[in-house]
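Residues 4 to 250, numbered by the working numbering, are exactly what the sequence shown covers, in order.
All residues carry an ideal CB built from backbone N, CA and C; glycine is no exception.
Input: a single structure, listed below in structure tokens.
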Amino acid sequence: RRSPNKRLPKEPMIAILRRKKVDGRYVRNVLKRHRLDIPLPHQVKTNIKGTFYVKHGDLRLSFDADGAYEIEYAHPNLNNRHSLEEKNAVRIAESFIQEEGLSKNIDLVFDCIRFSKLSGGQPVKKGFEGPFTSETTVEFTQIVNDIPVISPKYGRIRVSIDNDGNITRLQNHTREILGLTKHSKGYYPGPKMNIQMHELDVYRRLLEQQWQKRLLIRNAMGKKPSIMELLPGSDEIGYVVIGNEMA
Numbered sequence: 004r005r006s007p008n009k010r011l012p013k014e015p016m017i018a019i020l021r022r023k024k025v026d027g028r029y030v031r032n033v034l035k036r037h038r039l040d041i042p043l044p045h046q047v048k049t050n051i052k053g054t055f056y057v058k059h060g061d062l063r064l065s066f067d068a069d070g071a072y073e074i075e076y077a078h079p080n081l082n083n084r085h086s087l088e089e090k091n092a093v094r095i096a097e098s099f100i101q102e103e104g105l106s107k108n109i110d111l112v113f114d115c116i117r118f119s120k121l122s123g124g125q126p127v128k129k130g131f132e133g134p135f136t137s138e139t140t141v142e143f144t145q146i147v148n149d150i151p152v153i154s155p156k157y158g159r160i161r162v163s164i165d166n167d168g169n170i171t172r173l174q175n176h177t178r179e180i181l182g183l184t185k186h187s188k189g190y191y192p193g194p195k196m197n198i199q200m201h202e203l204d205v206y207r208r209l210l211e212q213q214w215q216k217r218l219l220i221r222n223a224m225g226k227k228p229s230i231m232e233l234l235p236g237s238d239e240i241g242y243v244v245i246g247n248e249m250a
């Protein structure tokens, strides 16, 4: 697993993201990139968040309003109970990313491996079976200005592989970077500070201040958490997505 980043950028910069208009043209470009020849409906239904999906046989594509997408290629082969070695899973995922052009104009680094496990019950005479690994998911993190993207939703590519070594699912939540700038072009209110942040303790104090503000709001709403603990190693320095920028 990738170690949390504790290093500050040599020069703090704001990343300008390429805007994505999720329309028919965008969907067709995704299909072309991944060499998927499937018919598209004239109209699709979207939910309140703008998410929609297209299905053709076992193949299923879903798109978010911000351009993130997921492709379900096939169901994993559950008859094969022998899980992949981690190094083989990483090798398969890296080759797939190169073949699909997912690392073009985007810097990625290996992050972690996750396992999907299944277990089930049979008639009494046969008893229970499992758990066993059905899929291995290799996750990569986007790097901007030599710093990882740490937004919960953005800056990730996940490749799921079954025990046969076949790709079963792709999740692409990366954003292409147009350039870096010292000044925000957005309209969100940013912190008004004129300090040199060269120490991690400064970031921790700022994080603590924001956390206290959130607690006050939750307390006022009657949603005070019963237990609060700091998870060791959970703090990290990185970029977060705000609109069409990363800061």
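Under a Cβ-count criterion, where at least 16 other Cβ atoms within 10 Å of its own Cβ denotes burial, should residue i be classed as buried or exposed?
{"i": "His176", "result": "buried"}
{"i": "Glu14", "result": "exposed"}
{"i": "Val112", "result": "exposed"}
{"i": "Ser137", "result": "buried"}
{"i": "Thr144", "result": "buried"}
{"i": "Asp165", "result": "buried"}
{"i": "Ala223", "result": "exposed"}
{"i": "Thr184", "result": "exposed"}
{"i": "Arg207", "result": "exposed"}
{"i": "Arg172", "result": "buried"}
Determine the direct distance from the alpha carbon of residue j to that of residue i, and round the result to whole angstroms.
{"i": "Arg84", "j": "Val162", "result": "19 Å"}
{"i": "Gln174", "j": "Ile240", "result": "24 Å"}
{"i": "Val205", "j": "Met16", "result": "18 Å"}
{"i": "Ile95", "j": "Gly168", "result": "7 Å"}
{"i": "Gly70", "j": "Val57", "result": "14 Å"}
{"i": "Arg88", "j": "His78", "result": "Sequence check: residue 88 is Glu here, not Arg. Straight-line Cα distance between these residues: approximately 20 Å."}
{"i": "Gly182", "j": "Val244", "result": "14 Å"}
{"i": "Leu218", "j": "Arg10", "result": "28 Å"}
{"i": "Ile41", "j": "His59", "result": "7 Å"}
{"i": "Gln101", "j": "Val47", "result": "31 Å"}
{"i": "Thr54", "j": "Asp67", "result": "4 Å"}
{"i": "Lys52", "j": "Pro7", "result": "31 Å"}
{"i": "Lys226", "j": "Tyr157", "result": "27 Å"}
{"i": "Pro44", "j": "Asn32", "result": "15 Å"}
{"i": "Val141", "j": "Lys90", "result": "10 Å"}
{"i": "Asn80", "j": "Leu234", "result": "36 Å"}
{"i": "Leu209", "j": "His186", "result": "20 Å"}
{"i": "Pro12", "j": "Val147", "result": "10 Å"}
{"i": "Tyr76", "j": "Gln215", "result": "44 Å"}
{"i": "Val30", "j": "Ile74", "result": "12 Å"}
{"i": "Arg38", "j": "Ser98", "result": "16 Å"}
{"i": "Met249", "j": "Ile160", "result": "17 Å"}
{"i": "Glu211", "j": "Arg5", "result": "24 Å"}
{"i": "Thr139", "j": "Ala92", "result": "7 Å"}
{"i": "Tyr72", "j": "Tyr242", "result": "21 Å"}
{"i": "Arg28", "j": "Ile220", "result": "43 Å"}
{"i": "Val25", "j": "Leu121", "result": "35 Å"}
Tell me the DSSP bridge mates of residue i?
{"i": "Lys58", "result": "Arg63"}
{"i": "Asp238", "result": "Beta-bridge pairing links Asp238 to no other residue."}
{"i": "Asp110", "result": "Ile146"}
{"i": "Ile19", "result": "Gly182, Glu248"}
{"i": "Ser119", "result": "Glu138"}
{"i": "Glu75", "result": "Arg63, Arg172"}
Below 7 Å, is the gap between the Cβ of residue i and the nearest heavy atom of the ligand SAH?
{"i": "Tyr242", "result": "Within the structure as shown, the ligand SAH is missing, as the structure has no ligands at all."}
Practice item. Count the C-beta pairs between the region 17 to 30 and the region 164 to 179 that are closer than 8 Å, then say yes if the count reaches three, no if not. Key: yes
Check your understanding: Can at least three beta-carbon pairs, one atom from the region 146 to 159 and one from the region 115 to 123, be found at a separation below 8 Å?
Key -> no
**Study point:** Completely contained beta strand (DSSP E) runs for the region 147 to 197, where each covers 3 or more residues
**Key:** For the region 147 to 197, whole beta strand (DSSP E) runs of length 3 or above, ordered along the chain, are 159 to 165, 170 to 175, 180 to 184.
Exercise for review: Inspect the CB distances between the region 102 to 110 and the region 63 to 75 and report whether three or more fall short of 8 Å.
Suggested key: The region 102 to 110 and the region 63 to 75 do not touch, with fewer than 3 CB-CB distances between them shorter than 8 Å.
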